[in-house]
Amino acid sequence: MVRPVTLSSPLLRLDQLLPADAERVYEYCQDPIFERYLHIPWPYQRSDADSFVSGYIPAAWAADSEYTWAVRDPETAQLLGVIGLRLPSASIGYWLGAPHRGHGHIPEAQRLVIEWAFANGVVDTISWQCLEGNMASARSARNAGFTFTGVGPAIQAHRDGTYPPSWHAVLRSSDTREPKDGWPLEQPLGDPPPGADSPAGCG
Ligand SMILES: CC(C)(COP(=O)(O)OP(=O)(O)OC[C@H]1O[C@@H](n2cnc3c(N)ncnc32)[C@H](O)[C@@H]1OP(=O)(O)O)[C@@H](O)C(=O)NCCC(=O)NCCS
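Here my numbering is used: the first residue of the sequence shown is 3, the next is one more, and so on.
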């Protein structure tokens, strides 16, 4: 069993979510983009945040089924978002509260989780997926060095029970962390993603 571990750098601290974080998780998860791209319950209730923080996350660490971290400002400990590594698919997923996007937090959070997972032999290949058209997520994965492997059904059923078309990518421990060619990222910034009507998520 992997015990919950804190990962840190001068830019970020990744540690455990606490019951006191539930209110902020609830606030962040009111963002309509989460309905579109994540498979969290919708409408997202305060009780969903409580059970995620106090039930799901510790149980998943104990079961080695998903390692989830709070993404925090290292100085203030403010919760910025969440990142997780789900097993056995070894898929990485992440979100940030809207005020905290665009500051480079996800590249750093991904780097910390990926290098921890590889250095500790947790996995030697990490997968990633997002709903087709989730440009910010895809660019974040490309920037971390993932190789795009194509479009296919989501790994997990989404809240409507479907497996919507998703973009898939992998990063092997032996890969460089440089951005790779081959990503379908020609859409200009801010364009609505194709097929975005159906609820879907990552990881
Ligand atoms: C995905 C997410 C964590 C990325 O964090 P972020 O702070 O927005 O990331 P950045 O600002 O560093 O942006 C990453 C890249 O996406 C681009 N980007 C950001 N918003 C975009 C948008 N609306 N359309 C197209 N590209 C976008 C940025 O320009 C950047 O690209 P570049 O570095 O190649 O120039 C964040 O957008 C988020 O929480 N989204 C909602 C939840 C979600 O979709 N999670 C992933 C599920 S698979």
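Just so you know, even glycine gets a beta-carbon here, dropped at the ideal spot from N, CA and C. Note that this is a predicted model, so its numbers are computed, not measured.
Residue i: CB within 7 Å of a non-hydrogen atom of ligand 1
{"i": "residue 105", "result": "yes"}
{"i": "residue 31", "result": "no"}
{"i": "residue 137", "result": "yes"}
{"i": "residue 36", "result": "yes"}
{"i": "residue 43", "result": "no"}
{"i": "residue 56", "result": "no"}
{"i": "residue 157", "result": "no"}
{"i": "residue 82", "result": "no"}
Exposure label - residue i; buried when at least 16 CB within 10 Å
{"i": "residue 79", "result": "exposed"}
{"i": "residue 180", "result": "exposed"}
{"i": "residue 184", "result": "exposed"}
{"i": "residue 37", "result": "buried"}
Which listed residue (the options) has its alpha carbon closest to that of residue i
{"i": "residue 142", "options": "16, 74, 97 and 120", "result": "97"}
{"i": "residue 290", "options": "158, 159 and 115", "result": "Here the chain comprises residues numbered 3 to 205, so residue 290 is not present and cannot be evaluated."}
{"i": "residue 170", "options": "137, 162, 161 and 176", "result": "137"}
{"i": "residue 173", "options": "92, 157 and 166", "result": "92"}
{"i": "residue 69", "options": "125, 106 and 12", "result": "125"}
{"i": "residue 82", "options": "48, 167, 123 and 19", "result": "19"}
{"i": "residue 41", "options": "133, 152 and 146", "result": "133"}
Helix, strand or coil at residue i according to DSSP, with G and I counted as helix
{"i": "residue 12", "result": "coil"}
{"i": "residue 176", "result": "coil"}
{"i": "residue 185", "result": "coil"}
{"i": "residue 204", "result": "Note that residue 204 has pLDDT 42, beneath the 50 cutoff, so the model's placement of it is unreliable and the number below is only indicative. Residue state, collapsed to three classes: coil."}
{"i": "residue 193", "result": "Confidence in residue 193 is poor, its pLDDT being 46 and thus under 50, which makes the residue's placement unreliable; the coordinate value appears in the next sentence. Here residue 193 sits in coil by DSSP."}
{"i": "residue 111", "result": "helix"}
{"i": "residue 46", "result": "coil"}
{"i": "residue 39", "result": "helix"}
{"i": "residue 102", "result": "helix"}
{"i": "residue 62", "result": "helix"}
> Looking at C-beta atoms only, is the number of pairs between the stretch 44–53 and the stretch 84–99 that lie closer than 8 Å three or more?
Replying inline: no
> For the stretch 25–36 against the stretch 98–112, are there 3 or more C-beta pairs whose distance is under 8 Å?
Replying inline: yes
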